[in-house]
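Here is the structure we will look at, set down as C-alpha cells.
Numbering (the UniProt record's numbering), first residue to last: 1 to 102.
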C-alpha cells in the first residue's frame, strides 16, 4: 500500500510539472480527509509540500484551521498561507453563513 501511495504521489507531481511546463495554471484543493492519513502531522506535511507549486488554492474554513492552527475567519489567517507564486486563495465556509460583515 505504501508503494502505491508513493507511485500515485510521484505521478501527480510529474503531471503537475508537465502541465506547468506547458503553460497551465495549477490549482489545488487539498480536500482534507483526516482519517485517510496516518497522522495529522503527515497530512499537513504532504499538503504543504506541494502548496507553493499551485497558483490557485481553494481551502475550506476547516482546512484553513488545520493548516494554520487558527479558527479565526479574518484576512490575516489565510494570508499566512500566501506564497509568491499564488494568484488566488479561496476560502469556503462549510458550517458558517457569511452575514456580510468582515
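Just so it is clear, CB atoms sit at the ideal spot from N, CA and C, and this is done for glycine as well. Remember, predicted model here, so these are calculated numbers, not experimental data.
Margin query: Less than 7 angstroms between the C-beta atoms of residue 26 and residue 53, yes or no?
Written below: yes
Checklist line | Rounded distance between the beta-carbons of residue 60 and residue 88, thought under 8 angstroms | finding: Between residue 60 and residue 88 the Cβ distance is about 15 angstroms, and since that is not below 8 angstroms, they are no contact.
Check: So, is residue 35 buried or exposed, given that buried needs 16 or more other C-beta atoms within 10 angstroms?
Finding: exposed
Note to self: Quick check: does the Cβ of residue 11 come within less than 6 angstroms of any heavy atom belonging to the ligand PLP?
What the structure shows: Within the structure as shown, the ligand PLP is missing, as the structure has no ligands at all.
Notebook entry, point to check: Is the beta carbon of residue 85 sitting closer than 7 angstroms to the one on residue 42?
Noted result: no
Notebook entry, point to check: So what does DSSP say about residue 126, is it helix, strand or coil?
Noted result: The structure shown has nothing for residue 126, since the chain only spans 1 to 102.
Checklist line | 7 angstroms CB neighbourhood of residue 63 in its chain, flanking five on each side removed | finding: 30 and 32
Notebook entry, point to check: What does a CB cutoff of less than 6 angstroms around residue 68 pick up in its chain, not counting 5 residues either side in sequence?
Noted result: 77 and 80
Notebook entry, point to check: Relative to the alpha-carbon of residue 8, which residue among 20, 46 and 22 has its alpha-carbon at the smallest distance?
Noted result: 46
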